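Sequence positions in the sequence shown follow my numbering and run 4 to 312.
Beta carbons: idealized from backbone N, C-alpha and C, even for Gly.
Given the structure is predicted, the values throughout are model-derived calculations rather than measurements.
Inspection log for the structure reproduced underneath, given as structure tokens.
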Amino acid sequence: MFTAPAIADEILDLKKERNAILLAHHYQAPEIQELADVIGDSLELARAARKFSGDVIAFCGVWFMAETAKVLNPDRIVVVPDREAGCSLVDSCPAAPIREFRRAHPDYTIVSYINTSIEVKAESDILCTSRNAVRIVNSLPPEQPILFLPDRNLGGYVRRQTGRENMKIWQGACVVHDTFPARRLVEARLDHPDALVVAHPECPESVLALADFVGSTSAIIEYCAASGAHEFIVMTESGVHHSLHRAAPGKRFHFVANEHCNCSECPYMKLNTLEKLRDALDTLAPRVELSGEIMARALAPLERMLAVK
Ligand code: 13P
Ligand code: SF4
């Protein structure tokens, strides 16, 4: 229903020819999700990349997710349809001050959200995603001083959930989630009094305080599908709409506009298009290329995260 047939066929042919897998985040456009072998949140996509044994990964998400897939597949080709598909959280956290912090505070454990550059990952002790952040922090000894980076909202949520006092939080933010105003959520609740509120932990505390459920994109979809409720106000990127409809047909979902774009779309995720995906599979570019040294350093905290059940 969503797919432009000619390009879709070209992509499927190229996928076969290249022995490629297509991984897509829930925030991708529906026509891309329709062609994907795996659709998931950042943790599920990292796990899927780790299992892959073909030749090419076409990563329809943002660059840091593709870098993660490359670290797990150093000898395979990883392409992203648009090289500019970045992330405001990655931009908010350069590696130099983290390196300096590490030197000055060798007693701290650095817990990095997967939404970081490869250079920041290489300075980290363990990674986390929005799905497992609470579990990852709880896996560390209770008295361990922690630097959590880069998302202030996810960090605050984790601190409240774990009760960790000894946790410094980097003050980065997601341009999409951090600009959802609680005021608009209150209005949406007045418009839809029967709806439950589900929110991604990158939203501000004032929004999370009003949520019936807080979780990663996949956790939100699972919650809405399993819930007895039929109507939800969804505080995350509107690309999840497609997966929500597939997982919970017949239920109703309302999105709230943020103050950044007066919409709920991630400007980076939406740079990927079917045409660019076709070209990426055809030319095998833009391709993630990383030095063996940086991949080895980033792999250690990534593997530590994946080992936490
Ligand atoms: P997930 O961990 O839910 O995939 O979220 C990643 C992300 O970039 C949210 O904005
Ligand atoms: Fe980054 Fe926010 Fe876009 Fe997620 S939604 S990729 S955190 S800018």
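* Could you have a look at residue 92 and say whether DSSP puts it in helix, strand or coil? => helix
* In terms of residue numbering, what span does the alpha helix (DSSP H) encompassing residue 248 cover? -> 243-250
* Measure the Cβ-Cβ separation of residue 95 and residue 159 and say whether it is below 8 angstroms. => Result no, Cβ atoms of residue 95 and residue 159 do not sit closer than 8 angstroms.
* Asked: Quick one: complete beta strand (DSSP E) runs, 3+ long, within the stretch 26-75?
  -> Counting whole runs of 3 or more residues, the stretch 26-75 contains the beta strand (DSSP E) stretches 41-43 and 59-63.
* **Minimum length 4: unbroken alpha helix (DSSP H) runs contained in the stretch 112-160** => Runs of the alpha helix (DSSP H) spanning 4 or more residues and lying entirely within the stretch 112-160 occur at 121-125 and 136-141, in chain order.
* Hey, is residue 46 close to the ligand 13P, as in C-beta under 7 angstroms from one of its heavy atoms? -> yes
* Asked: Does at least one heavy atom of the ligand SF4 sit under 7 angstroms from the Cβ of residue 123?
  -> no
* **Counterpart residues of residue 234 in DSSP-defined beta bridges** => 255
* Just to check, is the beta-carbon of residue 205 closer than 7 angstroms to a non-hydrogen atom of the ligand 13P? -> yes
* Asked: Any heavy atom of the ligand SF4 closer than 7 angstroms to the Cβ of residue 189?
  -> no
* Asked: Between the stretch 20-32 and the stretch 241-252, do at least 3 Cβ pairs fall closer than 8 angstroms?
  -> yes
* Whose CA, out of 10, 128, 134 and 21, lies closest to the CA of residue 50? -> 134
* residue 248: beta carbon under 7 angstroms from a heavy atom of the ligand SF4? -> no
* Is residue 179 helix, strand or coil by DSSP? -> coil
* Asked: Counting pairs of beta carbons, one from the stretch 188-197 and one from the stretch 141-154, are three or more of them closer than 8 angstroms?
  -> no
* To do: Could you give the DSSP three-state label for residue 293: helix, strand or coil?
  => coil
* For the ligand 13P, is there a heavy atom less than 7 angstroms away from the beta-carbon of residue 134? -> yes
* Can you tell me whether residue 73 is buried or exposed, with buried defined as 16 or more other CB within 10 angstroms of its CB? -> With 16 or more other Cβ atoms within 10 Å, it is buried.
* Using a threshold of 8 angstroms, state whether the C-beta atoms of residue 119 and residue 152 are closer than that. => yes
* Would you say the beta carbon of residue 180 comes nearer than 7 angstroms to a heavy atom of the ligand 13P? -> Yes, Cβ of residue 180 sits closer than 7 angstroms to a heavy atom of the ligand 13P.
* With respect to the beta strand (DSSP E) encompassing residue 200, which residues constitute its N-terminal and C-terminal limits? -> Segment 199-202, the beta strand (DSSP E) holding residue 200.
* To do: Spell out a yes or no on whether the stretch 110-130 and the stretch 293-309 are touching, meaning 3 or more CB-CB pairs, one atom from each, closer than 8 angstroms.
  => The answer is yes - the stretch 293-309 touches the stretch 110-130, with three or more Cβ pairs under 8 angstroms.
* **For residue 229 and residue 261, the rounded distance between their alpha carbons** => Between residue 261 and residue 229, the C-alpha separation is close to 27 angstroms.
* Nearest to residue 224 by alpha carbon, out of 44, 80 and 297? -> Nearest option by C-alpha distance: 44.
* **Cβ distance (whole Å) where residue 239 is taken to contact residue 202 below 8 angstroms** => 7 angstroms
* Reduced DSSP secondary structure (H/G/I, E/B, other) of residue 82 -> strand
* **Beta-carbon proximity check, residue 247 vs residue 14, cutoff 8 angstroms** => No.
* Taking the C-alpha atoms as reference points, what is the distance between residue 23 and residue 53? -> 14 angstroms
* Just how far apart, CA to CA, sit residue 123 and residue 298? -> 12 angstroms
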